[in-house]
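As structure tokens, the structure follows; a few thoughts come after it.
Numbering (full-length UniProt numbering), first residue to last: 1 to 117.
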């Protein structure tokens, strides 16, 4: 089993990038097909520069890559990074489920015995 270790900064960067609906949509679209930054910009009611900033945040989080293709920059989603995010979420789920299980045990120990009738 491969153990994934991430710095707090890396985890924060990843989930901060995914916290924005526009960036999640860009990731979704670029996982289906490579899309130019210009095509992305045409899809949103924001400036080209704003879309570039969103793509830069996604690149920093390694959720997408940009590659030159002629005069355009093509954006491609990184499915491996999405899988890493899923594994991180699974680890958080495991952690919280184990904490809830321990809490249930503690609460059960504190319950008074039911009266005999």
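We treat Cβ as the ideally placed atom computed from N, Cα and C, and that holds for glycine.
Residue i in three-state terms, based on DSSP
i	result
residue 5	coil
residue 73	strand
Endpoints, the alpha helix (DSSP H) within which residue i is located
i	result
residue 91	79-110
residue 60	48-60
residue 21	21-32
residue 40	37-43
Neighbour-count burial assignment, residue i, 16 or more Cβ in a 10 Å radius
i	result
residue 66	buried
residue 55	buried
residue 23	buried
residue 51	buried
residue 3	A caution first: residue 3 carries a pLDDT of 45, below 50, which makes its placement in the model too unreliable to give a value.
Beta-carbon proximity of residue i to residue j, cut-off 8 Å
i	j	result
residue 29	residue 35	yes
residue 78	residue 64	yes
residue 40	residue 26	yes
residue 72	residue 38	yes
residue 6	residue 107	no
residue 61	residue 17	yes
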